[in-house]
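Protein chains in written order, with our numbering: chain A, 1 to 329; chain B, 1001 to 1682; chain C, 2001 to 2199.
Reviewing the structure listed below.
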Amino acid sequence: MNDKYLYYPGCSMESSAKAYSESLAAICEPIGLHLEEINDWNCCGATEYIGISLTPAYSLITRNLALASLQADGTRTVVAPCSACYLNLAKADYYMQERPILGENVNTALAAGGLHYDPGSLFIRHLLDVIINDIGLDKVKSKVVRPLTGLRVAPYLGCMVPRPDYEHRWSNPEYPNELDRLLKTLGAEVIDFPLKTHCCGGHMTQIGPNTAFELIRRLVSSADQYRAEVMVTLGPMCQMNIDAYQGEMNRHFHTDYRMPIIFFTQLMGLAFGLNAKQLGFGRELVGTREMLQRIGVEAPEPIEAVPAHKPRMKEGLPMPRMPGDEEVN
Amino acid sequence: MTGPFDSASKSPERIGVYVCHCGTNIAGVVDVAEVRDWTEKRLKGRGVIIARDYKFMCSSLGQEMIEKDIQKLGLTRVVVAACSPHLHEQTFRNACQRGGLNPYLSELVSIREQVSWVHTDKHAATDKAKAVVSGGVERVIKNEPLEPLRVPINEATLVVGGGIAGIQAALEIADAGFPVYLVEREPSIGGHMAQFDKTFPTLDCAACILTPRMVSAGTHRHITLMTWSEVENVSGYVGNFTVTIRKRARYVNTELCTGCGICQEKCPKKVIDQIYEAGMGYRKAVYTPFPQAVPRYPVIDKPNCTYFSKGTCKACEKFCPTNAIDFNQQDELITVQVGNIILATGYDLFNARRIPHYGYGRLANVYTNLEFERLSNAAGPTNGEIVLRDGKTKPKSVGIIHCVGSRDRNYNNYCSAICCMQSLKFAHLVHERTGATVYNFYIDIRTTAKAYDEFYQRVLEEGTLFVRGRVAEVTDAARKPEEEGRLIIQVEDTLAGKQRRIPVDMVILSAGLEPRKDAKETAKLFGISCSADGWYIEKHPKLDPVATMTEGIFIAGCNTGPKDIPNTVSQGAAAAARVLGRIQQKEIFIEPVRASVNQDKCSGCRICNNLCPFNAISFIEDRKVTEINAALCQGCGTCVAACPAGAISGTVFSNEQVLSQIDGLLMLNLEYMKEAPELVAV
Amino acid sequence: MTSEIQTKTSFLHDPSNPNLRFLEEVSAHTAGVSRLEMCIQCGTCGGSCPPAADMDHTPRMLFAMIRAGFREEALSSNTPWICVSCYHCVVRCPQGVHIADVMYTLKSMAIRAKLYQDSTAPDFSRSFVDNIEKYGRSYEFGLATRHYLKHFPLRLPGMAPMGFGMLTKQRMDIMPHKIDNIDQLQAILERAKEVEGLS
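See the structure below:
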């Protein structure tokens, strides 16, 4: 059996999300993740090409899947770390099945490049899904040498990984618990972040900055209300918007938030005892020094367990229980 | 092709064929006259001596036409081409009988459901109708005269479920003087209605109108009440069911118990009552769910009892003035004989946790409808005070969300029917008791029954603010200072065309109604069918809504779909009326449509044994053959098709009949073929 | 305009059909099965939409307009351009309408019909796509600078620290990266455009 995964990095991994790329490279070996990059992959078109024309946009995306098929050699899973790339690849695969005419047209186009893709023949999955469901939290836990005890983190998945989730790979499209579970495994204190799958503004930082700033403000201020020390994400666009545009957002609203946001792979690396530089720390614009110092401390100060506005009531009426409460909290 | 169409094998029968127009239902698509002409001409050789068409064959004139032809022309077989046998098979069988012909020598073939309603091409539809008629003719030739089976009816009735539907049904039958076993799995009868505070639209107190019925049911001399009990096995058939009921150990001797309640007072173990109090209140490990419970005897909840888990305590036993506590009690299996069964098993509430963005289970002051019923109930955990989860703060503003989990293809597609009125009732109660500002968020207001829309008007007059829009999310993530510490309902006000964020203190979710979690297992136990959702399927949704396809098993209340109390009660009474009609007949004629096993051919493979949906098949161990109980068999044919040895055949659907019908259906094709078809060896 | 679009979208439907309604046209240009005709106007989409306040119309209203055949009004609306593709509406829609993908469709139709009023967003998409068609990869630095220079020149000084930061942290390449087999990609895209009826 071939245990490799076909790896589609996406453009951001080579530029704005270098820290993601570096930290991923660093944790692959400890958790036994074998990624093989798709040769000569191209951009997925982000959210732009599909807003211009249909067949060219989906042909652009599907060229990557066609190339992946050529390289498959017994494996069927394509892994993407970037949310938008993951969604585009997954959607192309799904829609080509849902509406066969789209599949036919895309393949007509691919034929001009000598390529072909059978929709449904590959599984398109996000990196976090593979780590949680294939590698497993037990394996992750066994590699933790520096638990992130006391670090209050806000899990932030953004939109495009848990939604629309046509293949039902996630526990819930609005409140998925996968990232929470991973971060808890690393020993962090995970807040019940109500905006964990809300939008960072996407490309609106480019085309309608005021709209985007409002969305960024909502996320950062909510994480701040919950006294999170760092937001942890899994998409380059989310990280870029909240990190790089936070200063401009502060100017826009006359606020002074300093909420660092990093990739979950960076935190995994820290918990595995790897050094911060190797994990791409230092590339972020909103600094992480305080946060790092906190983990460096041998016995971190005890932290109040839950945010003030969500008290566990001693008296009054009983609260309905949620299935899986034990597991997540 | 061998065969039926050779002139050598000319049928000796004298067959009459009647093609129905069904107004324009059939005649609008099928050329009825052409079918008649073709039949008369082409099927003459098959014994058809007369073919007629008529506007409504099911009318008395149509039926008389058949009767007269039987008498005057000496018909020996009758084929009617009209609607589905579900509807009118009995009508035409009766007509034949009146004309002097054995009713089973007729066939009703469907050219409506299977032809005119499903095709638009008139020419092709007419051809298909001819084929269907031809199939009917070939089949009817092979029919045999049969006599219906007569079965005596046991006068006792089993009612499963002690909610208002089951109580109503039980009382109607018992009042008529016949015995009823009323089985309920909770410690008391009363069902969901016992949990409610007020009932719409009249706002009478649910307990005030329900408890007299509960008491009647509990004390009726013809009703044997079995609570804390469940049906475990059902065998037999209409008129003669044998039912095994597990009466779970109460650990309370009901002969001695007076229902004084001291045990409940003294029991040190307090647990959250997930059933009756909907998780909103507490009960003890020994308890009656509510003061007016029927019967009044408590039960000991074994898993939560300190004595059962730790071996010490026995506080209840110590304090019981009549020594009624009995820790050694065992479950009892009780077998009863009944003639008919009424299932009134009710509904479950949609699990609001499935919509995480409405916050139930995460945000303290989001309540479900059932929780709110308990909250507003004078006998509930807060004595009717409408307060937040802290147990004391009165809300200043309340949002009520309709259609939670209903009308949504992510959850349940159907409308839960009661939520609009229930939400209006909540709006009224909140307004009346707290003076809070009330918002109702709805997609459509459906107030279709008597005095319902008037109630809507009343709630409008009271100043409830209606927002037309399905709520997008309920969140505690504040964006503005005035939102801090409150629940924010985010919604598009579709009439204003704007997104709104409305801060409130309390949210009530009108969660929809769902089939019981175990509805499918229950259906299997009683041999009835349910939809993919789990709602039970009526024999006919309009004309026979309380009967099932299984003779002797009736259904009432919310197990067929969401219903309000008036409809539920009507159904309970209707089911009882159907049962009483049966009992009065003293015996019942059942269809001789039965499968039987040729025991010489049966290999004893038992493949058919577990397939029978009516539990009619049993295996005789000593002879290693399978046997079919003729009274239990409903003639579905599953076993006939499954038998690898071809040992099972059915009256009215023998292999010979079915193959002849297929020959008939194919005859038309043969006509169109230039050359004889090649037979493909199988 | 209508006829031009109809004849150009040859594969999606029968172009000779004069009765093609606007709603069907939108559905025909959408990637999956749009289910637009199933909308019950409940407002779940408009309620869920994070930037709804900045939209001319809520998505729900837009669907009512599409259904009513208000072609020009619908294609002139800024709504699809404000959509952030968060898919909240898609997973919450009780009728399973592919709302986000319909928004993409409306953008492409508006561009072709030249009915959009604000040029910022389409221009950004166009530049992004131009880079892809040229290099096979996106080119953030070139795109961002060019775009801000053209549309938000006054914001540039404010953004300078951020841009500078991205450069010094080596999170932006000054030179674009090109894939090896760009000829193959370009051939594929050319053929795709022919299929789409765009060339």
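Where a beta carbon is used, it is the ideal one built from N, C-alpha and C, also for glycine.
Source: prediction; values computed, not measured.
query	result
Taking the C-alpha atoms as reference points, what is the distance between B/Ala-1547 and B/Arg-1582?	12 angstroms
So, under 8 angstroms CB-CB, B/Ala-1207 and B/Gln-1264 are touching, yes? Tell me the CB distance rounded to an integer number of Å.	So it is not a contact: roughly 19 angstroms between Cβ atoms.
Looking at chain B, which residues of the segment 212-234 of chain A have a Cβ within less than 7 angstroms of any of its Cβ atoms?	Arg-218, Ser-222
Could you name the residues of the same chain whose beta carbon sits closer than 6 angstroms to that of B/Glu-1317, not counting the 5 residues immediately before and after it, in chain order?	Ile-1325
Helix, strand or coil for B/Val-1019? Go by DSSP, reduced to three states.	strand
Who are the near neighbours of B/Gln-1490 in its chain, counting only those whose CB is closer than 6 angstroms to its CB and skipping five residues on each side?	Ala-1472, Glu-1473, Arg-1501
Within a Cβ cutoff of 8 angstroms, which residues of the same chain sit near B/Glu-1538, ignoring the five residues on either side of it in sequence?	Asp-1544, Pro-1545, Val-1546, Ala-1547, Thr-1548, Ile-1555, Thr-1560
Straight-line CA distance for A/Leu-186 to A/Leu-195?	21 angstroms
Compute the Euclidean distance between the alpha carbons of B/Ile-1648 and B/Gly-1604, then round it to the nearest angstrom.	12 angstroms
Excluding five sequence neighbours on each side, which residues of the same chain lie with their C-beta closer than 6 angstroms to the C-beta of B/Ala-1027?	His-1021
When you measure from the CB of B/Thr-1199 to every non-hydrogen atom of the ligand NAD, does any distance come out below 7 angstroms?	Although the ligand NAD was asked about, the structure shown includes no ligands whatsoever.
Between B/Arg-1470 and chain E, is the shortest Cβ-Cβ distance under 8 angstroms, so that the two count as touching?	This model lacks chain E altogether; the protein chains it does include are A, B and C.
Which partner residues of B/Ala-1595 appear in the DSSP bridge assignment?	B/Gly-1650
Which residues mark the beginning and the end of the alpha helix (DSSP H) in which A/Lys-184 is found?	178-185
Less than 8 angstroms separating the beta-carbons of B/Val-1387 and B/Lys-1394?	yes
According to DSSP, simplified to helix, strand and coil, what is B/Thr-1550?	coil
For B/Ile-1588, list the residues DSSP reports as bridge partners.	B/Val-1151
Going by the beta-carbon positions, is the gap between A/Leu-151 and A/Glu-229 smaller than 8 angstroms?	yes
How is B/Pro-1503 classed by DSSP in three states: helix, strand or coil?	strand
Under 8 angstroms: do the segment 106-124 of chain A and the segment 158-165 of chain A share three or more Cβ pairs, one atom per stretch?	no
Mind reading off the beta-carbon distance from B/Ala-1630 to B/Leu-1149? Whole number of angstroms is fine, and I expect it under 8 angstroms.	7 angstroms
Looking at the structure shown, is B/Tyr-1456 part of a helix, part of a strand, or coil, going by DSSP?	helix
Straight-line CA distance for A/Asp-165 to B/Pro-1503?	31 angstroms
Does A/Gly-74 get closer than 8 angstroms to chain B when you measure Cβ to Cβ?	no
With 16 other CB atoms within 10 Å as the buried threshold, where does A/Ser-335 fall?	Any property of residue 335 of chain A remains undetermined from this structure, which presents chain A solely from 1 to 329.
Starting from C/Phe-2070, follow the alpha helix (DSSP H) in both directions and report where the run begins and ends.	Note, C/Phe-2070: premise wrong, no alpha helix (DSSP H); not H, not E.
Please return the same chain residues whose Cβ sits closer than 7 angstroms to the Cβ of C/Ala-2052, not counting the five positions on each side in sequence.	Gly-2046, Thr-2058
Can you look up C/Ile-2205 in the DSSP assignment and give me helix, strand or coil?	Here chain C has residues from 2001 to 2199 only, and residue 2205 of chain C is not among them.
Just checking my contact of A/Ile-27 with A/Thr-265 at CB under 8 angstroms: how many whole Å lie between their CB atoms?	6 angstroms
Can you grab the Cα-Cα spacing for the pair B/Leu-1343 / B/Val-1160, in whole Å?	5 angstroms
Classify C/Ala-2160 as buried or exposed, calling it buried when 16 or more other Cβ atoms lie within 10 Å of its own Cβ.	exposed
Between which residues of its own chain and A/Lys-143 is the CB-CB distance below 7 angstroms, once the five residues before and five after are set aside?	Pro-30, Ile-31, Phe-272
Residues of the segment 16-39 of chain A in Cβ contact with chain C at a cutoff of 9 angstroms, in chain order, please.	Ser-16, Ala-17, Lys-18, Ala-19, Asn-39
Mind listing the chain B neighbours of C/Ala-2074? Cutoff is C-beta to C-beta under 9 angstroms, in chain order.	Those within 9 angstroms of C/Ala-2074 in chain B number zero; the least Cβ separation is about 15 angstroms.
Is the beta carbon of C/Gly-2096 closer than 8 angstroms to that of C/Met-2172?	no
When DSSP labels each residue in this structure, what does B/Ala-1124 get in the three-state scheme?	helix
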